[in-house]
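The structure under discussion appears below in the form of structure tokens.
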Amino acid sequence: NLIVLAILHCANGVPQGTDADPRIAAVSDLLVHLDRSQKLLVLSCWVPSVRYALWKTVRESTTFRGTISVRFAPVDMQYLPWNDPSQHQFAVVVDLSCPGTDLLLQSANQLLYYRLRWIVFRSSIESGTVRGWKNCTEYSLLDRLPLLVSNELFYFCTESTTGRHLVRQQYRLSTKSTETSTYETFGTWNATFGVRVDVASVRPLVTSIRRQNFHKFQLRASLVILHNETLNHLDDLHDKHIDTLSRVNYLLTKSVAHALNATVKFTIVDTWGYRDGKTGRYNGMIGELQSDLADLGGTSMFFTQDRIKAVDFLAMTASTRASFIFRAPKLSFTNNVFVLPFDQYVWYCTVSFILLSGVLLLVMIRTEQRYNAEAGTGSNSPSTVTGLSDTLLNVFGTTCQQGSFIEPKTAPSRCLILLCLVVLMFLYASYSANIVALIQSPSTKIQTSEDLLASRLKTGAEDTVYNQYYFRTETEPIRKALYERKMRNKDGTENFLPLAQGVELIRQGHYAFHVERGVGYKLISETFQEEEKCGLQEVEYLKMIEPYYAVQKNSSFREPVRINLFKLREFGIQGREHTLLYTKKPRCVGGSSFIPVSIVDVWPAMVTLGWGYLLTVAMLIAEQLWARLRSRVLPAESYFH
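Under mature numbering (1 follows the signal peptide of the UniProt record, and there is no 0), the residues of the sequence shown are numbered -20 to -1, 1 to 621, in order.
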């Protein structure tokens, strides 16, 4: 394309006025102030020599140094960067004098006010000579285009009274025919000094920051309300645990409208918006945003993959999440406390000590018996120990503080017994003290959804629209199993409970209730005893980031609203509203009360005792059968002898 332009330029020469063409200089001068523009797209009917001159001017400019790529195309909407991920880097140049340009602009839709920058001319060309551009009053077409508040369309015109060449912009807040346009003079242009920005009119240069005055324009906001009584208390703190998320965002939306010098009209819906599998459309708040019934999503919502294509998410406006809240059960509820006092290496050392002590004691006793037999003092034998099992049983009994049935007579065996008694006394004391402490300790084993699924805790969730939707549609294996095995009962009912009932079940213990944290903690702070507030734990189920404020997809209000939401957060207004309406996790200041030992605490010991009884009975039966068998076999053998 550029090679063809160069050949035509050399073959045909430059038409009269091309070197002094104001369009080329104007585009180059304006690009200096459009710092994000790195791609120049020219859709025009200009002759090849003019195109080549523009390309050469931009490419050889010391200001750009080759950082801007230039592309030429016919006046056709198919060449617009509709789906280009780098739309924000494009500056599109059009000339209204070219046939089809007005139709191109009318078909551009949201590209006129979203991401793209436009440079527009209406030049007067006669016999190949540029006579300049038209008067500022001859751009009536722009008044009919959707040049909304976020647009960055610059057009060059001549002021009729002074003859100055102006760079102008205009915008309006809606596409309604009754809405008049607001005009801005970006700057002036002349061939000597280029574009001079009118600092008094366009300070600051960033469009979304400059256009912050909506002149009492009415914004439409959709607000999710789940309880009708909330409508009477949106501006106070009465029952602040009800519809808390909506009340926080209601106040923030009013603050944004005030910062923009706008008014806001709220419409009430009963759901955030979930997609219909058949139609693909959303209901609730998202449905109103899609249908252009609302400009702002007045209640923040979860950031999910399917909603990215439906709305634009702006900022996090509520520092809260929904989680399973429960009182940590006793450690014995999740662990065998009888194996916890010692580290595994201590257990290894204890067993090794018992074995070694039993072997040494057997060697010493056998030595005593041999020397006593040689000395003829067999009647004064120190014990009747005959094997390793006896000595091991003696050391094990010593370990359990049951004493020693062996009475050593010599100094070495007595030293060994005394050493075992002293060492195992300290070991037993440490073990017993640790057991008492562990029985009173809360468990920290339940940290994830998988842990909750494997635990013996019962589960439930607050009866809200979003809880029902996400629990029923969850596909991740662990969370799906949690719903099917713990949330859905065998009779088909589901554990979706009122808030007060769920919090009461948390207080009673061994119950995990899925609720918005700030809402749940408000009721917990009011109903729990001080010692009951200790040991509260959380497990996230949804695995989502904090709720986001949303607007219409490709909305012209996106940047002004987003900037003011960030300001509310930076200035502390968002934090103030959040502190007033949300309750933080209660502090444990009362300490924990004494917990009596229950059957759960001693269950491992009872299981061990039961298996011991079974083993004893089994061995007794085996001995009886063996004895009867021998009694029948021995007489027969004696008969044959």
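Glycine included, each C-beta is placed from N, C-alpha and C at the ideal position.
Opposite residue i in the DSSP bridges: which residues?
{"i": "residue 137", "result": "146"}
{"i": "residue 125", "result": "None; residue 125 has no bridge partner."}
{"i": "residue 438", "result": "491"}
{"i": "residue 201", "result": "246, 276"}
{"i": "residue 227", "result": "DSSP lists no partner for residue 227."}
{"i": "residue 448", "result": "Bridge partners of residue 448: none, in fact."}
{"i": "residue 177", "result": "167"}
{"i": "residue 295", "result": "529"}
{"i": "residue 336", "result": "Its beta-bridge partners do not exist; DSSP assigns none."}
{"i": "residue 19", "result": "49, 70"}
{"i": "residue 281", "result": "528"}
Is DSSP giving residue i helix, strand or coil here?
{"i": "residue 237", "result": "helix"}
{"i": "residue 167", "result": "strand"}
{"i": "residue 426", "result": "coil"}
{"i": "residue 370", "result": "helix"}
{"i": "residue 48", "result": "coil"}
{"i": "residue 509", "result": "coil"}
{"i": "residue 191", "result": "coil"}
{"i": "residue 327", "result": "helix"}
{"i": "residue 254", "result": "coil"}
{"i": "residue 308", "result": "coil"}
{"i": "residue 547", "result": "helix"}
{"i": "residue 115", "result": "strand"}
{"i": "residue 386", "result": "coil"}
{"i": "residue 477", "result": "strand"}
{"i": "residue 101", "result": "strand"}
{"i": "residue 519", "result": "strand"}
{"i": "residue 9", "result": "helix"}
{"i": "residue 302", "result": "strand"}
{"i": "residue 362", "result": "Legend: pLDDT at residue 362 = 46, less than 50; position of this residue unreliable, value from coordinates given subsequently. It is coil, neither helix nor strand."}
Given this structure, state the Cα-to-Cα distance separating residue i from residue j, to the nearest angstrom.
{"i": "residue 471", "j": "residue 312", "result": "31 Å"}
{"i": "residue 268", "j": "residue 248", "result": "10 Å"}
{"i": "residue 396", "j": "residue 411", "result": "22 Å"}
{"i": "residue 204", "j": "residue 9", "result": "49 Å"}
{"i": "residue 419", "j": "residue 521", "result": "29 Å"}
{"i": "residue 22", "j": "residue 78", "result": "12 Å"}
{"i": "residue 362", "j": "residue 386", "result": "Summary for residue 362: the model assigns pLDDT 46, below 50, so the residue's position carries little reliability; its value from the coordinates is reported in the next sentence. Spanning the two alpha carbons is a distance of roughly 8 Å."}
{"i": "residue 563", "j": "residue 197", "result": "35 Å"}
{"i": "residue 83", "j": "residue 143", "result": "29 Å"}
{"i": "residue 38", "j": "residue 452", "result": "58 Å"}
{"i": "residue 112", "j": "residue 2", "result": "7 Å"}
{"i": "residue 676", "j": "residue 188", "result": "For the chain, the structure presents residues -20 to 621; residue 676 sits outside this window and is missing."}
{"i": "residue 135", "j": "residue 548", "result": "35 Å"}
{"i": "residue 651", "j": "residue 377", "result": "In the structure as shown, the chain begins at -20 and stops at 621. Residue 651 is therefore absent and cannot be evaluated."}
{"i": "residue 178", "j": "residue 170", "result": "14 Å"}
{"i": "residue 440", "j": "residue 509", "result": "22 Å"}
{"i": "residue 479", "j": "residue 489", "result": "16 Å"}
{"i": "residue 176", "j": "residue 216", "result": "51 Å"}
{"i": "residue 271", "j": "residue 288", "result": "16 Å"}
{"i": "residue 351", "j": "residue 602", "result": "39 Å"}
Do the CB positions of residue i and residue j come within less than 7 Å of each other?
{"i": "residue 499", "j": "residue 221", "result": "yes"}
{"i": "residue 282", "j": "residue 467", "result": "no"}
{"i": "residue 496", "j": "residue 300", "result": "yes"}
{"i": "residue 244", "j": "residue 237", "result": "yes"}
{"i": "residue 253", "j": "residue 263", "result": "yes"}
{"i": "residue 280", "j": "residue 528", "result": "yes"}
{"i": "residue 18", "j": "residue 69", "result": "yes"}
{"i": "residue 92", "j": "residue 131", "result": "yes"}
Using the beta-carbon count (16 or more within 10 Å), is residue i buried or exposed?
{"i": "residue 65", "result": "exposed"}
{"i": "residue 506", "result": "exposed"}
{"i": "residue 195", "result": "exposed"}
{"i": "residue 261", "result": "exposed"}
{"i": "residue 257", "result": "exposed"}
{"i": "residue 328", "result": "exposed"}
{"i": "residue 124", "result": "exposed"}
{"i": "residue 494", "result": "buried"}
Is any heavy atom of the ligand MN found at a distance shorter than 6 Å from the C-beta of residue i?
{"i": "residue 201", "result": "Inclusion of the ligand MN in the displayed structure is not the case, the ligand content being empty and no account of it being possible."}
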